[in-house]
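Chains A and B are the protein sequences, given in the same order.
Counting along the first sequence from 1, when you hit position 53 you're at 225 in the numbering used here, and nothing is skipped either side.
Counting along the second sequence from 1, when you hit position 24 you're at 146 in the numbering used here, and nothing is skipped either side.
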Amino acid sequence: MIAITDQPIDHAAVTDRVRSTRAGAVCTFLGTTREFTGGRTTNHLDYEAYPGMAERTLEDLEAQARQRWDLIEVAVVHRVGRVELGEISVVVAVSSPHRVAAFEACQWLMDTIKQVVPIWKKEIWADGTEEWVHPGLGPESGQAGP
Amino acid sequence: MTVTIRLFAVARQRVGAPEIRVDLPEPATVGDLRRAAGEQYPELALLLPAMMVAVENEYVGDAVAVAEGSEIALIPPVSGGSAAFATPPAGTQ
Chain A
173 MIAITDQPID HAAVTDRVRS TRAGAVCTFL GTTREFTGGR TTNHLDYEAY PGMAERTLED
233 LEAQARQRWD LIEVAVVHRV GRVELGEISV VVAVSSPHRV AAFEACQWLM DTIKQVVPIW
293 KKEIWADGTE EWVHPGLGPE SGQAGP
Chain B
123 MTVTIRLFAV ARQRVGAPEI RVDLPEPATV GDLRRAAGEQ YPELALLLPA MMVAVENEYV
183 GDAVAVAEGS EIALIPPVSG GSAAFATPPA GTQ
């Protein structure tokens, strides 16, 4: 199950979606908004997705994870729009007969989501300045580095 | 031909619009599109080497042909960064 939403995510409901009598393991990851990054203070984050391609890429990652690991259910929900401190921006939940597959698939999904799914975040710092987070875009591109 | 290219995040911010229209010779590849976009929108030139190009919701390489009417987007590096994206220009982090 893949979803992108501009509403707060009910992580318990996402976890419940992957639970199964066939599962011996359920692993849920929550990505949450961090207040302090490298000495700077965040006020909130603003996420933007490429509608359509973001969902399609997530579905492709779910299919790849199911090929690599023995998974029962997979659920990924990503927030867009304004996300306050401590709020959840992404939930990845997987179930499997055994825990190793659940741990590994959950980590691989989250790491890969952050590499290839077209969803971007903008830091709105406590001092009022804003900055799109684009690793690899350094000062020569006119963008402050990460 | 003229193609419409969707922009996101810092690219949209630089141009000040969610999409641009770029004139291309026919036939044209994604590499041609990169060059033309940088020439016709100089504010994107420094970002282009680090951006991926998506055609019909899939990442494509520079050798792929571009067809009029295709859904095309420039994809800035996403928040986790990745080897999936082009190596940043020398001297950047």
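Glycine included, every Cβ here is placed at the ideal spot set by N, Cα and C.
These numbers come from a predicted model, not from an experiment.
Annotation for Met225 (chain A): no beta strand (DSSP E) segment contains it, though the alpha helix (DSSP H) segment containing it runs Met225 to Arg240.
Between Arg251 (chain A) and Ala197 (chain A), the CB-CB gap reaches or exceeds 7 Å.
Distances from the alpha-carbon of Leu243 (chain A) to those of A:Arg194, A:Gly308, A:Tyr219 and A:Asp188 put A:Arg194 closest. Counted as a single uninterrupted DSSP element, the beta strand (DSSP E) harbouring Phe201 (chain A) occupies residues Ala197 to Thr204. Using a C-beta cut-off of 8 Å, the stretch 230 to 240 of chain A makes no contact with the stretch 297 to 304 of chain A, since fewer than three inter-stretch Cβ pairs fall below that distance. Rounded to the nearest whole angstrom, the C-alpha separation of Arg212 (chain A) and Gln279 (chain A) is 27 Å. The criterion of a C-beta distance shorter than 7 Å is satisfied by Val186 (chain B) and Val152 (chain B).
Pairing Arg254 (chain A) with Tyr163 (chain B), the inter-Cα distance amounts to about 29 Å. Around Ile174 (chain A), the same chain offers Glu227, Leu230, Glu231, Glu234 and Val248 as residues with beta carbons nearer than 7 Å, after the five sequence neighbours per side are excluded. Of all alpha-carbon atoms in B:Met123, B:Val137, B:Arg136 and B:Pro199, the one lying nearest the alpha-carbon of Tyr222 (chain A) is that of B:Pro199.
The C-beta distance from Val125 (chain B) to Ser192 (chain B) rounds to 7 Å, short enough to meet the 8 Å contact threshold. For Arg194 (chain A), the three-state secondary structure derived from DSSP is coil. The Cβ of Pro140 (chain B) sits no closer than 7 Å to any Cβ of chain A. Residues of the stretch 290 to 310 of chain A with a C-beta less than 8 Å from any C-beta of chain B: Pro290, Ile291, Trp292, Lys293, Lys294, Trp304, Val305, His306, Pro307, Gly308, Leu309 and Gly310, listed in chain order.
Between Val188 (chain B) and Leu155 (chain B), the gap from beta carbon to beta carbon is short of 7 Å. Look at the stretch 233 to 256 of chain A: it has no residue with a C-beta under 8 Å from a C-beta of chain B.
In the three-state reduction of the DSSP assignment, Phe208 (chain A) falls in the strand class, which pools E and B. Across the set A:Glu207, A:Gly308 and A:Asp178, the C-alpha of A:Gly308 shows the shortest separation from the C-alpha of Gln287 (chain A). In this structure, the straight-line span from the alpha carbon of His216 (chain A) to that of Pro147 (chain B) is close to 44 Å. Glu259 (chain A) does not reach chain B, its nearest Cβ partner there being about 16 Å away, counting only Cβ pairs nearer than 7 Å. Secondary structure at Glu165 (chain B): helix, using DSSP grouped into helix, strand and coil. His183 (chain A) and Ile291 (chain A) do not touch by the CB rule: their CB atoms are close to 18 Å apart, not below 8 Å. With respect to the C-alpha of Asp283 (chain A), the residue from A:Lys294, A:Val262 and A:Trp297 having the closest C-alpha is A:Val262. Nearest Cα to Phe201 (chain A) within the set A:Ala265, A:Glu245 and A:Asp188: A:Ala265. In chain order, His306, Gly308, Leu309 and Ser313 make up the part of chain A whose C-beta sits under 8 Å from the C-beta of Ala172 (chain B).
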